[in-house]
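**Student:** Residue numbering for the sequence shown follows our numbering, starting at 131 and increasing by one per position.
From the three backbone atoms N, C-alpha and C, an ideal C-beta is built for every residue, glycine too.
All values derive from a computational prediction rather than experimental measurement.
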Amino acid sequence: MLDLLSIAKIRILDFNLRAPHYKQAVLENLLRQADKLKMNEIELDEISEWYADISLFNDKVRIIRDRYAIPPIIVTKGAEGASNFDGKIFYEHPGFKVNEVGAVGSGDAFLAGFLHRLADNCKSEETLEFAFKLGSYVTSKKGACATHDGTI
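Written as structure tokens, this is what we have:
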């Protein structure tokens, strides 16, 4: 997999950390090569602690951006929403209230929606909102591959 990074046009890193099944050195290598980063708040806390003892959310994101020069950095916060840091501005979305049927696949759907809108050169606010709509839709359905009629 690491060999493929050298030929990839866009390298997107979406953490799914499960201790003890990863090593800091491997993750740092992946971070150095990433063009875009998505993680959750717990992963943000863990990774930022490698470099500094800080408590403010925005400072944690900035320390990773400063070290690895990755914009955007997307941080999901579960029911509390998500943030997108484009290198200059933090964009926030509170998320949508949904009847949770299953969260499996919702993070992947969120990222797919985000990347889709990003590729369409949409504004950051619109990109984050669409990502949430797609992730929330999957959360409200059973299974990781929820079908839909094309409207979200």
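#1: Tell me the DSSP secondary structure of A212 in three-state form.
#2: In chain order, what residues of the same chain lie with their CB nearer than 8 Å to the CB of F244, ignoring the 5 residues before and after it?
#3: Considering Cα atoms alone, identify which of L161, E230, E255 is closest to K272.
#4: Between the segment 166–182 and the segment 195–210, are three or more C-beta pairs nearer than 8 Å?
#5: Is the beta carbon of R141 closer than 9 Å to that of A155?
#6: Buried or exposed for R148, going by 16 or more other Cβ atoms inside 10 Å?
#7: Please go through the same chain and pick out, in chain order, the residues whose beta-carbon is closer than 6 Å to the beta-carbon of L143, but skip the five residues on each side of it.
#8: Excluding five sequence neighbours on each side, which residues of the same chain lie with their C-beta closer than 8 Å to the C-beta of E176?
**Tutor:** Walking through what the data contain:
#1: The residue given as residue 212 occupies position 82 in the sequence shown. The answer is strand: DSSP assigns A212 an E or B state.
#2: On the sequence shown, residue 244 is found 114 positions in, with the first residue counted as 1. Cβ contact annotation for F244 (same chain, cutoff 8 Å, sequence separation greater than five): K168, I204, N214, T257, L258, F260, A261, in chain order.
#3: Taking the sequence shown and counting its residues from 1, the one referred to as residue 272 is at position 142. When each option's Cα is compared against that of K272, the closest is E230.
#4: Judged by Cβ distances under 8 Å, the segment 166–182 makes contact with the segment 195–210, as three or more pairs qualify.
#5: Indexing the sequence shown from 1 puts residue 155 at position 25. Indexing the sequence shown from 1 puts residue 141 at position 11. In this structure, R141 does not lie closer than 9 Å to A155 by Cβ.
#6: Residue 148 sits at position 18 when you count from the first residue of the sequence shown. Taking all protein chains in view, the Cβ of R148 is surrounded by fewer than 16 other Cβ atoms within 10 Å, so the residue is classified as exposed.
#7: As a working note, residue 143 is residue 13 in the sequence shown. Cβ neighbours of L143 beyond the five flanking positions: L160, A164, L167.
#8: Counted from its first residue, the sequence shown places residue 176 at position 46. Hits under 8 Å: L147.
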